[in-house]
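Novice: Take a look at the following structure, please.
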Amino acid sequence: MIFLLFFCFTLEHYHCASEKFSLKTKPRSVPELNSNKRRLHSTNRQPIRITFDFDLLNPSNPDPLRCDEVGQNITWSEDPQYSLQCTKEMILNAAGRDVITNTLNNVKTYLEKFLSVERLEQNIESTNLKNFYTMPSKTYTNTDLVIHVVSRPFADAYYSISTIVSSLETTKRPIEAVICINPTLISSKAENETMRTSNYFFACLHEITHCLGFISTFYEYYHPRDSNTPYAAPLCNLTLYGIKRTYLVTPKAHTYAKRHYNAGTIIGDDGTVCPSGIELENSGTEAQQLSHLEARMFYSDYMLAVLIQTDTEPFHRFTDATLAVLLDTGNYDLDYHYMRPLVWGNKDGFPPGSTEVDNFHILPPQEVFPEGYIVVDPTTNYDVCNFDFKSYGNNIMSTKSPDCSKTTSEYCSGKSFYNPKNRSQIADDSIFDFQLIKYPHTCFDGYATIPGNLECLKYVLTDSFVTFTLPKDFRYPLQNITCDSSSSHEFKEYNYINNAGVKKYTKYKCPDFERFRRTINLFNSYFDSDPFDLNTRQQYRIVPDEADVAEESPRESLPTNYIPITPTESSFVNTSDFSYLGTKLTKSTFYGVSITAVLVVVVCMLLCFIGRNAFKTRVEDMDAEESEDGEHKKKRKKRTKKHHKNNDEKEIDLKSDDFKSDHEVKTVPSDENKTNNNNNKSSDENKRKHRKRRRKE
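According to mature numbering (1 follows the signal peptide of the UniProt record, and there is no 0), the stretch in the sequence shown is residues -17 to -1, 1 to 680, in order.
Structure (structure tokens):
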């Protein structure tokens, strides 16, 4: 069993708590000047002017609720869990201030591109909010929304929280708010909407959207664009499969449901009828309920109660679901050309006439969610291709399904909806209705995923087929597979050898081509026509999905599959191929073989050199031994010669002595000489005998 725990370390699991504080703080109502009274049917809306007040982030400005020293005790808000002792991490440094300032200014620039309001012609006077911030009175001019930004210690995993401080008396449009930043979870660098590392940007955008009025305490104030009279019943409640559900049924929300689900009404278990609308979150904490989109239904929109982007890859987007809510406040115009369609459960991502997403909004996910939407078996790695073909992942928070005969819980009360197939594993997070959704790793532009594969693959999409390029097994060149409308949708098993030389066994299958083509195009699209005009067919502006990197990210370089090409699997032909001895080779193969041959020759020469040196060394040793013996013999011979030379010299000396003696005898003929001569003869005789003995020796 293979658990894909490698996703865990990069997951950013962001919870929102703004609702908790909005329920406890009542915004100040600000009267409008006569010149600012709403003009019905006004077409004079202009880009919103947002002002961020960062003064209380500056350590030189006093703020008793900000951590400035380690060990400092701080209590803020009315929640006892926010009574904390400051740690080093809770103290905001200069780098953190820069990240907050620049990221929020990027959010401001982003919103001012497409969000318009009737501009205020009056100033905004600052308001202090007990337990949140206290500051000297200030007057803000030429602005439509003031947001105070403060740093506060947190005991939980929230990037930030926000609440509305003041709103206009007639329209209830927020004009003053506060965002409390958690300094321990600030990004390492400033972010914007186009970066792959954009999770902190979307966390900030999420809180500012609450400041615009996307909050449960403001639904009762929602009104038409051309009237200040609130809608009579903006919400509708019913029970379905034993689960209480709440829908926002204001006009744009209702239109959204009709376009996406082809449903005008929803009928509950007891026959209660609600207009179809946008389902709001019903699970999680009090802070998460109702002020967010239902996570099961709007997965990938940034206004969920949980943001699940990884720390280095994008996923969330500003979709027509959040667009509908902001339009239904009655206070804003938004340019839909900047919005992106929600791909999750969108019928435009499936072939015409497909029934795969019918009843997507009301039936149990295990029964109606299409293939790839949720994990069926969390113990395998073949089910990681995500719903959009642009991300992959598994569910890292699966847990054993509880025995409902022994316990009562939120899960057990709605088991017929959450787990009708009685699967052994469920998610331990109620936010996604216990469904094993896939925590995503998003591909680069120009890359996509297919079922069974463990990473993003470079692809080329045409109207009739798609070709995927697989990174090579170290034995082979790059391979290509082609999928079209006639391709089999059965898994094909294969094996490959990775760079470590380990043989791996896995499988893949072609996706449904029409669904893949439509889903990819939808993923890469922006709206090109009004998404709430039911009288026209929805038009999209597709942004070309071209590779923005030469190779996939190192994070996504998991073991990749080698698939031998056959004529039935690929019609892709590489014009730079070689043909050698009837074998088709790519340039990379040819060069690879050539380099390998050169390396073999070099290795052989090296071995020969090493062997020759070893043999030569032994011969030299033998020569040295022989040389030593020769020297010894020479020395011995030299000593012998010297010895004989000495003996010869002595013999010559003796002969010389004999000659002298004979000469002396002849010259002294007296009797005394005769006597001496006789003695000398005797002595000479002895010497001769001695010489003979020495010669014998």
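Note that beta-carbon positions come from the ideal geometry of N, C-alpha and C, so glycine has one too.
The model shown is predicted, which means the values in this text are computed figures rather than measured ones.
(1) What's the gap between the Cα of Cys257 and the Cα of Leu67?
(2) Throw me the rounded Cβ distance for the Val443 and Thr450 pair, which I believe falls under 8 angstroms.
(3) Quick one: is Phe137 near chain C, going by C-beta distance under 8 angstroms?
(4) Determine the closest residue to Cys426 out of Gly435, Asp412, Lys373 and Phe415, with distance taken between C-alpha atoms.
(5) Among residues of its own chain, excluding the 5 on either side of Asp411, which ones have a beta-carbon nearer than 6 angstroms to its beta-carbon?
(6) Return the Cβ separation of Val53 and Cys69 in integer angstroms, given the expectation that the two are a contact with Cβ distance under 8 angstroms.
(7) For Ser384, which of Ser407, Tyr142 and Val289 has the nearest alpha-carbon?
(8) I need the straight-line Cα distance from Ser508 to Phe301, nearest angstrom please.
(9) My parser needs the alpha helix (DSSP H) runs of 4 or more residues fully inside the stretch 261 to 324; what are they?
(10) If we count the other Cβ atoms within 10 Å of its Cβ and call it buried at 16 or more, is His590 buried or exposed?
(11) Go ahead and pull the three-state DSSP assignment for His344.
(12) Near Ile162, which residues of its chain fall below 7 angstroms by C-beta distance, leaving aside the five closest residues on each side in sequence?
(13) Ignoring anything shorter than 3 residues or poking outside the stretch 211 to 241, list the beta strand (DSSP E) runs there in chain order.
(14) In its own chain, which residues sit with a C-beta less than 7 angstroms from the C-beta of Gly565, not counting the 5 before and 5 after it?
(15) Return the chain-ordered list of same chain residues with a C-beta closer than 8 angstroms to the C-beta of Asp504, the five sequence neighbours on each side being excluded.
(16) Helix, strand or coil for Phe415? Go by DSSP, reduced to three states.
(17) Note down, one range per segment and in chain order, each beta strand (DSSP E) of at least 3 residues found wholly within the stretch 115 to 157.
(18) Within a Cβ cutoff of 7 angstroms, which residues of the same chain sit near Pro207, ignoring the five residues on either side of it in sequence?
(19) In the structure shown, what three-state DSSP assignment does Ile525 receive?
(20) Of the choices Tyr394, Ser283 and Glu152, whose alpha-carbon is the least far from that of Lys227?
(21) Considering only C-alpha positions, which residue in the set Glu108, Ile414 and Ser99 is nearest to Leu273?
(22) Please report the distance separating the alpha-carbon of Ile158 from that of Thr122.
(23) Check for me: the beta strand (DSSP E) holding Asp36 runs from which residue to which?
(24) May I ask you to report which of helix, strand or coil DSSP gives Val100?
(25) For Asp511, tell me which candidate among Gln418, Asp303, Lys421 and Ile480 has the shortest Cα-Cα distance.
(26) If I measure Cβ to Cβ from Val308 and keep anything under 6 angstroms in the same chain, skipping five residues before and after, which residues do I get?
(27) Report buried or exposed for Gln252, applying the criterion of at least 16 other Cβ atoms within 10 angstroms of its Cβ.
(28) Is Glu296 buried or exposed, if buried means 16 or more other CB atoms sit within 10 Å of its CB?
Specialist: A quick look at the data gives this:
(1) 45 angstroms
(2) 5 angstroms
(3) In the structure shown, chain C does not exist; there is a single protein chain.
(4) Lys373
(5) Cβ within range, chain order: Met380 and Thr382.
(6) 6 angstroms
(7) The option with the nearest alpha carbon to Ser384 is Ser407.
(8) 12 angstroms
(9) 303 to 311
(10) Note that residue 590 corresponds to Leu in the displayed sequence, not to His. Classification for Leu590: exposed.
(11) DSSP places His344 in coil when its eight states are reduced to three.
(12) Ile130, Val132, Ser143, Ser145 and Glu190
(13) 218 to 223 and 226 to 231
(14) With a pLDDT of 31 at Gly565, under the threshold of 50, the predicted position of this residue should be treated as unreliable, though the coordinate-derived value follows. Once the five neighbours on either side are set aside, Gly565 has no close Cβ partner at all.
(15) The sequence shown places Asn at residue 504, not Asp. The residues are Tyr523 and Ile525.
(16) helix
(17) 128 to 134 and 143 to 151
(18) Gly313
(19) strand
(20) Tyr394
(21) By alpha-carbon distance to Leu273, the top candidate from Glu108, Ile414 and Ser99 is Ile414.
(22) 13 angstroms
(23) Ile33 to Asp36
(24) strand
(25) Asp303
(26) Phe197
(27) It is Asp, not Gln, that sits at residue 252 in the sequence shown. Exposed.
(28) buried
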